[in-house]
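The numbers in full-length UniProt numbering rise by one with no breaks, and the one at position 13 of the sequence shown is 13. Even glycine gets a Cβ: it sits at the ideal position worked out from N, Cα and C.
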Amino acid sequence: MRHAAIAIPGLDRIGGAERQAMLLAKGLRMRGWRVTVVALSGSGGSAAAELRDAGVAFLSLRMRKGLADPRGWIRLNLWLWRARPDVIHSHLPHASWLVRWSRLAAPATVVVDTLHSSYAGRLGRKIGYLCSRWLPDHVTAVSRATAASHLAARMVSTDSLSCKTELTWTLGGRTARPKRGRDTG
């Protein structure tokens with residue numbers, strides 16, 4: 001059974017990116033994938049319970065919010081070595097950077113990153129994406145505006161970017177798609 005990991009900063013408060021990650025996780029599970037949602041911090045609350053009820057595993061790295069916490073990076077890498085997911089898909093900047101740089105220390109067959117906002121951010125965010133833009137296999141954007149702003153800031157490269165909310169992964173001849181989604185690009 002294929003294993004997908006979905007990384008997100010947290011699920012204690014649900015916004016658009018968190019809802020998309022949960023829909024993706026449950027959709028992959030319904031298609032026979034083993035799925036683990038990895039939160040950088042928090043307990044996940046009712047969202048984690050909803051995922052567990054759908055057969056999706058939940059793991060919190062228990063990182064302290066607002067601080068660079070190397071223990072979370074170590075926990076993620078140890079988990080990646082044990083679980084060896086076929087794909088790890090990150091959402092939102094902090095989770096994306098953690099997953100991207102973990103690729104250097106732990107195995108990951110495919111690394112996918114999704115950009116959720118057309119706001120490219122301040123200098124720190126731009127540098128974070130610029131320095132790690134060579135690490136993911138693919139980057140998706142939820143809209144053309146999101147793709148355009150990140151391309152203009154040189155935070156992503158055109159050869160690894162697509163503008164689709166319907167994410168498709170093909171691994172070993174098997175394709176997984178979330179149940180909901182539409183092409184925006």
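{"Check": "P70 versus W79 - alpha carbon distance", "Outcome": "14 Å"}
{"Check": "From S118, R75, L40 and E18, residue whose alpha carbon lies closest to that of A106", "Outcome": "R75"}
{"Check": "Three-state secondary structure (DSSP) of H91", "Outcome": "strand"}
{"Check": "Buried/exposed call for S157, threshold 16 Cβ in 10 Å", "Outcome": "exposed"}
{"Check": "Same chain only: Cβ atoms within 6 Å of G173, ignoring 5 sequence neighbours per side", "Outcome": "Confidence at G173 is low in this model, with a pLDDT of 44, below 50, so its placement is unreliable and no value can be given for it."}
{"Check": "Given 8 Å, three or more beta-carbon pairs between the segment 124-141 and the segment 45-65", "Outcome": "no"}
{"Check": "Three-state secondary structure (DSSP) of A83", "Outcome": "helix"}
{"Check": "Counterpart residues of residue 189 in DSSP-defined beta bridges", "Outcome": "Residue 189 lies beyond the residue range present for the chain, which begins at 1 and ends at 185; the question has no answer from this structure."}
{"Check": "For I6, the first and last residue of its enclosing alpha helix (DSSP H)", "Outcome": "Premise fails: I6 lies in the beta strand (DSSP E), H3 to I8, not in any alpha helix (DSSP H)."}
{"Check": "Same chain, Cβ closer than 6 Å to Q20, five either side skipped, listed in chain order", "Outcome": "none"}
{"Check": "Start-to-end residues for the beta strand (DSSP E) that takes in A25", "Outcome": "Note, A25: premise wrong, no beta strand (DSSP E); alpha helix (DSSP H) at G16 to M30."}
{"Check": "Alpha helix (DSSP H) segment containing A145, residue limits", "Outcome": "R144 to A152"}
{"Check": "9 Å Cβ cutoff met for H138 and R84", "Outcome": "no"}
{"Check": "Per-residue burial, M1 [other beta carbons within 10 Å of its own, 16 or more giving buried]", "Outcome": "exposed"}
{"Check": "Reduced DSSP secondary structure (H/G/I, E/B, other) of V99", "Outcome": "helix"}
{"Check": "Sheet register partners of R71 (DSSP bridge)", "Outcome": "Paired residue(s): none; R71 is not in a bridge."}
{"Check": "Contacts around A145, its chain only, beta-carbon distance under 8 Å, and the 5 residues preceding and following it disregarded", "Outcome": "S118"}
{"Check": "Exposure of W81, with buried meaning 16 or more beta-carbon neighbours within 10 Å", "Outcome": "exposed"}
{"Check": "Rounded separation between A5 and V37 - CA only", "Outcome": "6 Å"}
{"Check": "Cβ-based burial, R13 [other Cβ within 10 Å; buried from 16]", "Outcome": "exposed"}
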